[in-house]
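Notes follow the structure.
In the numbering used here, the protein residues as written are 108 to 345.
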């Protein structure tokens, strides 16, 4: 049943949140290259935001692993995970995101469903770039998980998503066909309207796994085999 106790995701953003979003987008797009130094004064001029917001944003992004703070060097854009690490990151994402989606179903509101529908419409807008779709996909998933009640897990999910997006952003040869993801999202939204928690968990895991499959296909030409252990619902990516 849709709950009336949870509020819609707020649209208002603080200066720190805006700074965090803008810097994150520039890292994920490859505008800020791995190993490049992020100097607060330069970021202030480039983004048109104050020093406090920039410094707080860099502190938050350091926590996500997107940038690192090194003695005598300052804040540096981190290197992307290796292809071998990506498999482990996606396996962890499947476990956490499947669980978060299951719990979110119990707290679902019409306002959140409306927000997810709006995000999906934006993603399917053919005038948008692939990078825009990737960022909207990130927002789609995090919007769903935020009402799960798993605050600590959601912070970890946020970090894991960012790490997989860093991997993609730092490899310009990587491509994807978003149409299958769009269909996944439509099925997730319809399942949310019926309060089908088990179905939503399965759909989310399928959607997340699809991202890993496309990465492997793009890099090696082979599609990884995915095993589901029915006794524990644990996803293994091989």
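C-beta atoms are modelled at their ideal positions from N, C-alpha and C, and glycine is treated no differently. Here the structure is a predicted model, which is why all the values come from computation and not from measurement.
Query raised in the report: If you count every other CB in all the chains shown that lies within 10 Å of the CB of residue 134, and 16 or more means buried, which is it?
Result: The residue labelled residue 134 in the question sits at position 27 within the chain shown. That one is buried.
Requested in this report: Taking all protein chains shown into account, decide if residue 337 is buried (16 or more other Cβ within 10 angstroms of its Cβ) or exposed.
Outcome: Start at 1 with the first residue of the chain shown, and residue 337 comes out as number 230. Caution applies to residue 337, whose pLDDT of 37 falls short of 50 and renders its modelled position unreliable; the model cannot decide the point.
**Report entry** Backbone secondary structure at residue 156 - three-state DSSP
**Finding:** To locate residue 156, count along the chain shown from 1; it is residue 49. Note: residue 156 maps to coil in three-state DSSP.
Query raised in the report: How is residue 127 classed by DSSP in three states: helix, strand or coil?
Result: Here the question's residue 127 lines up with position 20 in the chain shown. In this structure, residue 127 counts as helix in the three-state DSSP scheme.
Requested in this report: Could you tell me which residues DSSP pairs with residue 182 in its beta bridges?
Outcome: Along the chain shown, read from residue 1 onward, the residue named residue 182 stands at position 75. DSSP lists 145, 176 as partners of residue 182.
Query raised in the report: Of the choices 165, 156, 226, whose alpha-carbon is the least far from that of residue 181?
Result: Here residue 181 refers to the residue found at position 74 of the chain shown. The shortest C-alpha separation from residue 181 is found at 165.
Query - Runs of alpha helix (DSSP H) wholly within the stretch 193-273 (minimum 4 residues, chain order) - result: 217-230, 237-252
Query - CB-CB length for residue 126 against residue 154, believed under 8 Å - result: Residue numbering aside, residue 126 sits at position 19 when the chain shown is read from its first letter. Residue numbering aside, residue 154 sits at position 47 when the chain shown is read from its first letter. Right, the Cβ-Cβ distance comes to about 6 Å (below 8 Å), so this counts as a contact.
Requested in this report: Starting from residue 303, trace the alpha helix (DSSP H) both ways and give me its first and last residue.
Outcome: Here residue 303 corresponds to residue number 196 of the chain shown, with the count starting at 1. Where residue 303 is concerned, there is no enclosing alpha helix (DSSP H), because DSSP gives it neither an H nor an E.
Query raised in the report: Where residue 306 and residue 298 are concerned, what is the direct C-alpha to C-alpha distance, given to the nearest angstrom?
Result: What you label residue 306 is simply residue 199 of the chain shown in a count that begins at 1. What you label residue 298 is simply residue 191 of the chain shown in a count that begins at 1. If I take the Cα positions, the gap works out to 7 Å.
Report task. Check each candidate in 142, 232, 138, 128 and name the one with the smallest Cα separation from residue 163. Result -> As a position in the chain shown, residue 163 is number 56, starting the count at 1. Closest by alpha carbon: 128.
Query raised in the report: Closest by CA to residue 124, which one among 149, 159, 143, 214?
Result: Residue mapping note: residue 124 aligns to position 17 of the chain shown, counting from 1. Comparing Cα positions, the closest option is 159.
Query - Contact set for residue 267: own chain, Cβ-Cβ below 8 Å, skip 5 residues either direction - result: Position 160 of the chain shown holds residue 267. Cβ within range, chain order: 196, 199, 200, 203.
**Report entry** Beta-carbon contacts of residue 110 that lie in its chain and below 7 Å, excluding the five residues immediately before and after
**Finding:** What you label residue 110 is simply residue 3 of the chain shown in a count that begins at 1. For residue 110, the pLDDT reaches just 42, beneath the cut-off of 50, and the residue's location in the model is therefore unreliable, although a value from the coordinates is still provided. Taken in chain order, the residues that qualify are 214, 215, 216.
Query raised in the report: Between the beta-carbon of residue 225 and the beta-carbon of residue 311, is there less than 8 Å?
Result: Position 118 of the chain shown, counted from the start, is the residue given in the question as residue 225. Position 204 of the chain shown, counted from the start, is the residue given in the question as residue 311. Their beta carbons are not under 8 Å apart, which means residue 225 does not touch residue 311 by this criterion.
Requested in this report: Determine the direct distance from the alpha carbon of residue 148 to that of residue 246, and round the result to whole angstroms.
Outcome: Working through the chain shown from its first residue, we reach residue 246 at position 139. Working through the chain shown from its first residue, we reach residue 148 at position 41. Near 29 Å, if we compare the C-alpha coordinates of residue 148 and residue 246.
Query raised in the report: Mapping DSSP to helix, strand and coil, what is residue 54?
Result: Coverage of the chain is limited to positions 108 through 345, which leaves residue 54 absent and any answer about it impossible.
**Report entry** Neighbour-count burial assignment, residue 237, 16 or more Cβ in a 10 Å radius
**Finding:** Here residue 237 refers to the residue found at position 130 of the chain shown. Result: exposed.
Query raised in the report: According to DSSP, is residue 284 helix, strand or coil?
Result: Along the chain shown, read from residue 1 onward, the residue named residue 284 stands at position 177. Correct three-state label for residue 284: coil.
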